[in-house]
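Asker: Okay, here's the structure, questions in a sec.
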Amino acid sequence: MSKLSPLAGILVFLAIWELGVYLFNVPAYLMPPPTAVAKTFVQEFPKLLFHGWVTTYEMLLGYVLAVVIAIPLAIGITSSHRFDRFITPQLLFFQVVPKVAIAPLFLVWFGVGTTPKVLVAFLISFFPIVIDAAVGLRSMSSEMTDLARSMGATRWQLFARFRLPTSLPYLFSGLKVAATLSVAGAVVGEFVGADKGLGYLLLVTNSNMETALMFATIVALTVIGLVFFYVVEFLEAFLIPWHVTHRVREGSGTM
Amino acid sequence: MSKLSPLAGILVFLAIWELGVYLFNVPAYLMPPPTAVAKTFVQEFPKLLFHGWVTTYEMLLGYVLAVVIAIPLAIGITSSHRFDRFITPQLLFFQVVPKVAIAPLFLVWFGVGTTPKVLVAFLISFFPIVIDAAVGLRSMSSEMTDLARSMGATRWQLFARFRLPTSLPYLFSGLKVAATLSVAGAVVGEFVGADKGLGYLLLVTNSNMETALMFATIVALTVIGLVFFYVVEFLEAFLIPWHVTHRVREGSGTM
Amino acid sequence: EKFPFRLNWTLYGEHAPFFVARDKGFYAAEGLDVEIQEGSGSTTVAQLVASSNSPVAYVDAATMMRGISNGMPIKAVGVTLQQSPMAFIYRADAARPTKLSEIKGSRIALTAGDASLTIFTAFMGKVGMKLEDVQMITVANPQGKEQAVLNKQADALLGYFMDQGPRMQLQTGVKMGWTRLYDLGGVSTLSSAMIANNNWLKDAKNQDLLRRFLRASQRGWQYTFDNRAEAAEIFRKAAPAFTQEIALLEVDGTMSIIRTDRTKGKPIAWSDVGDWRDSQDLLAKYAKLNPQSDLNAYFTNEYLSEPPYMPKK
Amino acid sequence: MAAEAYIQLDDVSKVYRAKAGQVEACGEINLDIRESEFVAIVGPSGCGKTTILKMVAGLQPRSSGSITVGGRSVDRPQTDLGIVFQDAILLDWRSVLDNVMLQVDIRNLDRATYEPIARHLLELTGLKGFEHHKPFELSGGMRQRVSICRALVHDPPLLLMDEPFGALDALTREQISMDIQRVWMEKRKTALFITHSIPEAVLLADRVVVMSPRPGRIVEIIDIDLPRPRKLDSMPEKFSEYTGRIRSIFKASGVLAMD
Amino acid sequence: MAAEAYIQLDDVSKVYRAKAGQVEACGEINLDIRESEFVAIVGPSGCGKTTILKMVAGLQPRSSGSITVGGRSVDRPQTDLGIVFQDAILLDWRSVLDNVMLQVDIRNLDRATYEPIARHLLELTGLKGFEHHKPFELSGGMRQRVSICRALVHDPPLLLMDEPFGALDALTREQISMDIQRVWMEKRKTALFITHSIPEAVLLADRVVVMSPRPGRIVEIIDIDLPRPRKLDSMPEKFSEYTGRIRSIFKASGVLAMD
Ligand SMILES: Nc1ncnc2c1ncn2[C@@H]1O[C@H](COP(=O)(O)OP(=O)(O)OP(=O)(O)O)[C@@H](O)[C@H]1O
Ligand SMILES: Nc1ncnc2c1ncn2[C@@H]1O[C@H](COP(=O)(O)OP(=O)(O)OP(=O)(O)O)[C@@H](O)[C@H]1O
Ligand SMILES: [Mg+2]
Ligand SMILES: [Mg+2]
C-alpha cells in the first residue's frame, strides 16, 4: 500500500484533470485530457526519445559543470570573507539576470550547438548549489574545527575529512533543487535557438497548436526531471545514511 | 578596505566588460559598453522605476505566496511519510515543468493582469523553500525530540518551539535562493503577456534593438534581485544570530 | 465607451494605422475609447481571444486558422495584411538564399509562436523540399534570430520584409537584404487580421461596438495609406524607440501588401473567400492543417464598412 | 508492595537492531518503585541504564516485558515528570533563563509565577549572572546545571535523572546533591537516578539497583538504611559498608579489576 | 626548573566578550610543567579549566600573558599532542574504529601499523565488538571512551585531557585511570589532566593545581609525593591527607559548603 502512494498521488491528479476536462468541456487547444496525451505519448515515443536524449545530454553536462564550479566557489566563499564579499554580488548577478534575456548572447557567442544550452543549464542550476553548500560548509561546529586543527589537519584534510561530510546533507538539498532546475535550464537554452531537444519540440508544437504532443513533451520533461531528482536522492541516501535526516527511528517491539 | 571589496568585484567585472567591448570592437547592437548602459540607466530612470515597481510588486506577492505555501508543505512532508510520497512527485512535476511552457496557460486562465505573473513567480520559487525547509525540519536531533515529548509538547509546540528554530538556517538558504528566483519568475510571467513591468520592457527593447536600454533593464532587475536577496540575508542574521554559521569566532587578544 | 484591443506583438510599424485612428480621433468619433494593448505572439493572443480575455485582437491569419481547426471559437472580422510579408532576411555581405537552389542546406533562423514556421513549412512543400533540407534554428524571441544572422550563426532569418530587414539595417549599420517567400515560390497566405470571439459576437450590442471599431480602424488604415509620413510620426509618439526613417519604411512596406488581386477596389480589410481557400489549401497540404468544410468558419466581412468609413449619425 | 508500586517494570528487555549487528542492551529487568521512593541505578557504562530510563519515560519502545507508571501501561511519552538527560540538550537560540523557562512555556504554566523559581534555581546552581548568556557561551558543567534547573522548575512529581552530575566537579555535585536531597525530603517526589558514583548513589537513594555489564541485568537491589539528612563528610560506618558492598559486587561480576 | 619547563604559562588571562557582558574566565595563571610531568587541574565548574587547556593547545587566543610549549610561543594550534575534549566530538559518518583511526589518517601515518593499536585500545576500554558501530548507536560513556582511544592511538608526547572520565562510571574510570597511569609510567609523556574528582587528581598526578571559582585563579599547587604505581584501594594515609587538604582549600574559598 505505502509503496503505491506516490503513484496514488499522480493518479488522483490525473483523474481530476481528466474529469475537469470533460466536466468543464475544456477545448482541446487549451488542455487535452490525459488520455489523449498518453495516446500521443505512445504514438510519438520515438520522437520524444530522440529529443529527450538531446535535452538530457545538455542537462547533464550543465549540471556537472554547475557542481564542478559551485562547490569550489562555496569553499572559497566560506573560507575567505573577502572572497565572499568579492564574488557573491557577481554570482547574484548571474542568478538574478533572466536567463531568457541573456541566452541570445550565448547564441551569438557560442553558436547554435550544444554549448549555449549547457551554459544556460549551468547558470540556472549552480546558484542553489553554492548557497546550500556554503551553509553546509559553515555548519561545522567550532569544537570539530578544534579537533581537526589539533590533529594538524591541512586545509585540504579539514575540507575533505570534516567540512565536506558535515555539509553533505545541506549540499544535497542544493543538488536536488539544482537537478530539477537544470532540466528547465536546458529547455530555456533550447528555446533561445535549437533544432532539436524537447524545448525545441515545445516551441514547435506550441506554434503548430499540437496541444496533445506539447503536453506529451511536458510529460517527457517531467519524467526526465523526476528520474534525475530521484537519482540524486538515491545517491544522497547512499552517501549519508548516517545523517539524522536518514536515520530510521528504532521502532521495533511494544511501545 | 574590506568594506569596498564587494564594490571592487563589480568594478573589475565592469572594467573587463568595457575594455572587452572596445578591444574586440563589439558592435553596440550586440553589447553596449557599461558606460553607455549607465548613461541610459540614468536617462531612463523614471521609466525603469515605473516598470521596476510593477515587477517588484508581482515578485513580492509570488514570493510571499511561495513562503506561505511551501512551509506548511514542508511540515506535512516531514511529519508524514505517506504525505511525502503522495505529494513530492506532484511538487516535482510543478518544479520540472518549464514555466515558460505553461505560463501561456495561466495567461489564458487568469487573464493578462497581475495574477499569472504572481503565479509564475510563486511556482518558480516555492520548490527550493520546500526542499530546504524539509531538510531543516528533519535535522533536529532525536534527543531534542525526546526532550520536547517528555515536556508534553503539542504538535504545534514541537514545531514552533523546536523544529522551526532548528530549521531556520536551512530554511533561510531556501528563502535566499527563492528570493533570486522569484525575480526571474515575475519576468518570465511578463514575457508571456504584459504591458508593463521590466520583463515587458525587456521584450520591447529587445525587439526594437534598444540594446542599451535592454541592458539597463537587466541592471535594474539585478539591483532588485540583489536588494531582495540582501534583505532576506539581513533578516536571517537578525533572526538566527545564535547559529554556528553566524557566530563570530572569539578573536581578540594575542594568539 | 472603453474598448480594449490587443495587438499581436510589441509595437512595430504595421500597427501605425491603429494609432492614427486613435490620435486622429476616429475612434472617439465612433464613441469609442480604444485602449491599444501589446501582445506576445499570435498563438498566445489567439488563445486570449478564444478564452474571452480579450474579445478583439490582431493576429496572424494562419495561426488563427490553426486555432479554429483546434476548436477555438474565433473568427477574422477584417484582414489588413492580405499577402504574406514573410521573407528571408540576410546580411548582404554573406552567403544567402536568394534563389531556390541556394536554400538547400542553409541555416534558417525562425521564431516559434508566430506565423513563420507554418508558412515556411508550406513554402518548403510547395517548392518541393522538406524541412529537413535546411538547418532550422528555432528561437523563442525575435532578437535571437536577428542576432544569429548578424553574427553569421544563421544564413537567414524568416521575418517580415517590411519590418525586420530595414530595421536591422538602420539599427546596426549592417547592410541587409531580403527576398519574399512569395517572390521565390509564389507562396502566400492571408496575413494579419482583426479577430473576434464568436460568443462575444452573439450579443447585438457587441456587434454594434465591433462595427464602429472596424469602421474607425478602416478609416485609420485609409488615412495611413494616404498620409504615410504623418502616420509614421503619429506612431513614433507611441513608440519613441523608432526613428522617423524606420517607422516610415515599415509603414510603406505594410501598405504595399494590404490587398490581393481578388480584393482590388474592395474596402480595406475586406477579404475574399478565394484567398481563404488558397490559404487553407496551402496549409492543409503542407502544414498539417485540418481543413474546414465551410470557409465561413474562418471569416466574415459583415461588420466592415464601405468607404469613406465615416461614422453613422 | 507490588500493589502500591508507582513504577513497575516486569521482565523488561531491550534489543537494538543496528547495521553492525544486534545489541542486547538489557534484559530480565524487574523493578518496582514506590511512590516517594528515591531509587538509584549504578552499573558499568553501556549496561543499559539510559535505555531503562528512556523506556520508563516512554521515549524508547521496549522489546519485551511490561512497564507501568501510576498503574497505566507506558505506551507513549510520559509528561508528568522532569527529566535530566545525559547530555544537556539546550536550545541554542534561547538564553540560559529561557532554556529553563522552556519547561514553563511548553506546559503553558504562568511565566510570572515560575520565573522567580527559575532564577532561584539558577542561583542555587551557581549560574547567577549568566541568565542572559547563550548556551554556547557556557562551560560544560554550566550547561549541565541549566538542564538540571530545567527538570526541576515545574516541581514535577516524578524525577528521572541520567547522570545529572556527570560534567560537574566533585564540589558542585556535592552541593547540588545536598539541594536535591533537601528538595526530595520536603516534597517526597519519586525519583529514578542514574549515576556512576557509588557514594553518590548511597548518599541519595533509598534503594540502589546494581547492574551487571551489558547485556545489563539487575544483580542486586540494596536497601540503604541510613538516617536523613545524610552528609558526605559525616557519614556513619554503615556508609562505607554499603559502598564497599557495591564495589565487591562489581568485582565479582568482573567489572572492577581484582588486582 | 624554569629553564627546563616544557609548558610555561606566564601571567595568562582570558576574558570572553559575550553579548550579555564580559566574562573573565581566568587570570594571573602562572604554571610551569616539566617534560614527562603529570599535572592535574581541579577547580569548580566554570573556573576556566577548559579555557586554560584550549589556550595551551593553541585553540583559543589568550587575552594577556604568554604561553610557550617546548620553548616556542603558542600562536597557532599545537599538533604534536593528543587531546581528549570535554565532549566526545565523534564524526557521525565514521564507525567507532574509523573515528579512532581518524587521528592516523589525518597525520598520514601508516594504517596497517596503527590499526592493531587502535583495536587494542578499543578492547582495553571495553569497546570490543563495537568497532563497526556508528557513534549514534553508542551510550554516552562509550562515546567518551572512543574519544580517549583517539587521543592515545598515535602515542603523542603531550596529552591534554579535559574531564576524560566525565561520562564514565566510577568503575570504568578506575580501570582506565590505571591504564593511563601504566602508559604514562612506561612512556613518561607530559600530561595536563583536568578532572572534577579530587581522588582521581591525587591518584594520577605529580602535581595538582587547585583553582578558585570564576574568575579562576590558581590557589595552590600541591606536589603529590606518593610512590607509583598507585592504586585506589591500597593507598597510604597520605592519600587522604592530600584529598583532605584540597577539600579544605575549596572550603576556604567558599566552594564547598561548610556545613
Ligand atoms: N565561547 C565563550 N563565550 C563566552 N564565554 C565563555 C565561552 N566559553 C567559556 N566561557 C565562559 O568562561 C568561563 C570558563 O569556562 P570554561 O569552559 O573554561 O570552564 P571550565 O572550568 O572548563 O568549567 P567546567 O568544569 O564546567 O567544564 C565560564 O564562565 C564560561 O561562561
Ligand atoms: N540508538 C541505538 N542503536 C543501537 N544501539 C544502541 C543505541 N543506543 C544504545 N545502544 C546500545 O545499547 C547499550 C546500552 O546503552 P545505554 O545508553 O543504555 O547505556 P548506559 O548504561 O546509559 O551507558 P553509559 O553509562 O555509558 O551512558 C550500549 O551497548 C549501546 O551500544
Ligand atoms: Mg547513559
Ligand atoms: Mg570545562
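Chains as they are written, first to last, in our numbering: chain G, -3 to 251; chain F, -3 to 251; chain E, 1088 to 1400; chain Z, 16 to 274; chain L, 16 to 274. Just so it is clear, CB atoms sit at the ideal spot from N, CA and C, and this is done for glycine as well.
(1) Say yes only if the C-beta of residue 154 (chain L) is nearer than 7 Å to one or more non-hydrogen atoms of ligand 3, and no if none qualify.
(2) Where does residue 236 (chain G) fall in DSSP's three states?
(3) To which residues does DSSP link residue 1162 (chain E) through a beta bridge?
(4) Could you tell me if the beta carbon of residue 65 (chain Z) falls within a distance shorter than 7 Å of some heavy atom in ligand 3?
(5) Check whether the region 69 to 76 of chain F touches the region 186 to 204 of chain F, counting contact only when three or more Cβ pairs, one atom from each stretch, lie closer than 8 Å.
(6) So that I know if they touch, is there some Cβ in chain G lying closer than 8 Å to that of residue 9 (chain F)?
(7) Between residue 213 (chain G) and chain E, is any beta-carbon pair separated by less than 8 Å?
(8) So, for residue 1291 (chain E): in the same chain, excluding its five sequence neighbours on each side, which residues have a beta-carbon less than 6 Å away from its beta-carbon?
(9) Nearer than 7 Å: is that true of the beta carbon of residue 101 (chain Z) relative to any heavy atom of ligand 3?
(10) Anyone know if the C-beta pair for residue 1195 (chain E) and residue 1241 (chain E) falls short of 8 Å?
(11) Closest by CA to residue 53 (chain Z), which one among Z:265, Z:253, Z:236 and Z:254?
(12) Who are the Cβ neighbours of residue 1269 (chain E) in its own chain at under 7 Å, not counting the five residues just before and after it?
(13) Closer than 6 Å by C-beta to residue 254 (chain F): which residues in its own chain qualify, once you throw out the five before and the five after it? Chain order, please.
(14) Going along the chain, which residues of its own chain have a beta-carbon closer than 6 Å to the beta-carbon of residue 249 (chain F), five neighbours each way excluded?
(15) For residue 148 (chain L), count neighbouring Cβ atoms within 10 angstroms of its own Cβ and tell me buried if that reaches 16, exposed if not.
(16) Against chain Z, does residue 156 (chain F) count as a neighbour if the rule is that its beta carbon must be under 8 Å from one of theirs?
(17) Among the residues of its own chain, which have a CB less than 6 Å from the CB of residue 180 (chain L), if the five just before and after it don't count?
(18) Closest Cβ-Cβ distance between residue 59 (chain L) and chain Z: below 8 Å?
(19) Where are the alpha helix (DSSP H) runs, 4 residues long or more, that stay fully inside the region 1133 to 1208 of chain E, in chain order?
(20) Return the CA-CA distance between residue 1328 (chain E) and residue 1165 (chain E), expressed in angstroms with no decimal places.
(21) Tell me which same chain residues have a C-beta within less than 8 Å of the C-beta of residue 146 (chain Z), skipping the five on either side of it?
(22) Could you tell me whether any non-hydrogen atom of ligand 4 is closer than 7 Å to the CB of residue 177 (chain L)?
(23) In the DSSP assignment, the alpha helix (DSSP H) including residue 130 (chain L) goes from what residue to what residue?
(24) Less than 8 Å separating the beta-carbons of residue 33 (chain F) and residue 187 (chain F)?
(25) Can you determine whether any heavy atom of ligand 2 sits closer than 7 Å to the C-beta of residue 38 (chain Z), and answer yes or no?
(26) At a cut-off of 7 Å, is residue 211 (chain Z) close to ligand 2 when judged by its beta-carbon and the heavy atoms of the ligand?
(27) Taking 8 Å as the threshold (beta carbon to beta carbon), is residue 248 (chain F) in contact with chain G?
(28) Assuming the contact rule is C-beta atoms closer than 8 Å, residue 206 (chain L) and residue 247 (chain L) should be a hit. Round their C-beta distance to whole Å, please.
(29) Per DSSP, residue 129 (chain F) is paired with what?
(30) Could you tell me the boundaries of the beta strand (DSSP E) in which residue 45 (chain Z) lies?
(31) Is the region 1306 to 1325 of chain E close to the region 1103 to 1122 of chain E, with three or more CB pairs under 8 Å?
(32) For a contact meaning CB atoms closer than 7 Å, what does residue 172 (chain L) contact in chain G?
(33) Based on the DSSP secondary-structure assignment, which residues constitute the bridge partners of residue 205 (chain Z)?
(34) Against chain G, which members of the region 195 to 207 of chain L pass a CB distance test of less than 8 Å?
(35) Is there at least one Cβ from chain G nearer than 8 Å to residue 27 (chain F)'s Cβ?
(36) So for residue 1247 (chain E), helix, strand or coil by DSSP?
Answerer: The structure says:
(1) Translated into positions along the fifth sequence, residue 154 (chain L) becomes position 139. Residue 154 (chain L): yes, Cβ under 7 Å from ligand 3.
(2) Here the question's residue 236 (chain G) lines up with position 240 in the first sequence. Coil at residue 236 (chain G), not helix or strand.
(3) Walking along the third sequence from the start, residue 1162 (chain E) turns up at place 75. Paired residue(s): E:1283.
(4) By 1-based counting over the fourth sequence, the position of residue 65 (chain Z) is 50. Yes; taking the cut-off as 7 Å, the Cβ of residue 65 (chain Z) has a heavy atom of ligand 3 nearer than that.
(5) no
(6) By 1-based counting over the second sequence, the position of residue 9 (chain F) is 13. Closer than 8 Å: yes.
(7) Taking the first sequence and counting its residues from 1, the one referred to as residue 213 (chain G) is at position 217. No, because no Cβ of chain E sits closer than 8 Å to the Cβ of residue 213 (chain G).
(8) Counting from 1 along the third sequence, the entry for residue 1291 (chain E) is found at position 204. Cβ neighbours of residue 1291 (chain E) beyond the five flanking positions: none.
(9) As a working note, residue 101 (chain Z) is residue 86 in the fourth sequence. Checking the Cβ of residue 101 (chain Z) against ligand 3 gives yes.
(10) In the third sequence, residue 1195 (chain E) corresponds to position 108, counting from 1. In the third sequence, residue 1241 (chain E) corresponds to position 154, counting from 1. Contact flag set, yes.
(11) Looking up residue 53 (chain Z) in the fourth sequence gives position 38. Residue 53 (chain Z) has its Cα closest to that of Z:236, out of Z:265, Z:253, Z:236 and Z:254.
(12) In the third sequence, counting from the first residue as 1, residue 1269 (chain E) sits at position 182. Counting only Cβ-Cβ distances below 7 Å, and skipping sequence neighbours, we find 1170, 1171 and 1275.
(13) Because chain F in this structure spans residues -3 to 251, residue 254 (chain F) falls outside the shown range and cannot be described.
(14) Here residue 249 (chain F) corresponds to residue number 253 of the second sequence, with the count starting at 1. Here residue 249 (chain F) scores only 33 on pLDDT, less than 50, and its place in the model should not be relied on; the value that follows carries that caveat. Answer for residue 249 (chain F): no residue qualifies.
(15) Reading the fifth sequence from its first residue, position 133 is the one you call residue 148 (chain L). It counts as buried.
(16) For the purposes of this step, residue 156 (chain F) is taken as the residue at position 160 of the second sequence. Residue 156 (chain F) does not count as touching chain Z.
(17) Along the fifth sequence, one-based indexing puts residue 180 (chain L) at 165. 188.
(18) Sequence index remark: in the fifth sequence, residue 59 (chain L) carries index 44 (1-based). By this cut-off, residue 59 (chain L) is an interface position.
(19) 1148 to 1156
(20) Position 241 of the third sequence holds residue 1328 (chain E). Position 78 of the third sequence holds residue 1165 (chain E). Residue 1328 (chain E) and residue 1165 (chain E): Cα-Cα distance of roughly 29 Å.
(21) Residue mapping note: residue 146 (chain Z) aligns to position 131 of the fourth sequence, counting from 1. Answer for residue 146 (chain Z): 110, 111, 112, 134 and 137, listed in chain order.
(22) Residue mapping note: residue 177 (chain L) aligns to position 162 of the fifth sequence, counting from 1. The answer is yes for residue 177 (chain L).
(23) For the purposes of this step, residue 130 (chain L) is taken as residue 115 along the fifth sequence, with counting starting at 1. Its alpha helix (DSSP H) spans residues 126 to 139.
(24) Taking the second sequence and counting its residues from 1, one reaches residue 33 (chain F) at position 37. Taking the second sequence and counting its residues from 1, one reaches residue 187 (chain F) at position 191. Cβ distance not < 8 Å, so residue 33 (chain F) and residue 187 (chain F) don't count as in contact.
(25) Along the fourth sequence, one-based indexing puts residue 38 (chain Z) at 23. Residue 38 (chain Z): yes, Cβ under 7 Å from ligand 2.
(26) The residue labelled residue 211 (chain Z) in the question sits at position 196 within the fourth sequence. Residue 211 (chain Z): yes, Cβ under 7 Å from ligand 2.
(27) Residue 248 (chain F) sits at position 252 when you count from the first residue of the second sequence. A caution first: residue 248 (chain F) carries a pLDDT of 32, below 50, which makes its placement in the model too unreliable to give a value.
(28) Counting from one through the fifth sequence, the residue named residue 206 (chain L) turns up at place 191. Counting from one through the fifth sequence, the residue named residue 247 (chain L) turns up at place 232. That pair is no contact at about 18 Å.
(29) Looking up residue 129 (chain F) in the second sequence gives position 133. In DSSP, residue 129 (chain F) forms no bridge with anything.
(30) Within the fourth sequence, numbered from 1, the residue matching residue 45 (chain Z) stands at position 30. First-last of the beta strand (DSSP E) with residue 45 (chain Z): 36 to 49.
(31) yes
(32) For the purposes of this step, residue 172 (chain L) is taken as residue 157 along the fifth sequence, with counting starting at 1. Chain G residues near residue 172 (chain L): none, gap ~14 Å exceeds 7 Å.
(33) Within the fourth sequence, residue 205 (chain Z) is the residue found at index 190, counting from 1. Answer by DSSP bridge pairing, in chain order: Z:173.
(34) none
(35) Within the second sequence, the letter at position 31 stands for residue 27 (chain F). So, interface residue.
(36) Position 160 of the third sequence, counted from the start, is the residue given in the question as residue 1247 (chain E). Here residue 1247 (chain E) sits in strand by DSSP.
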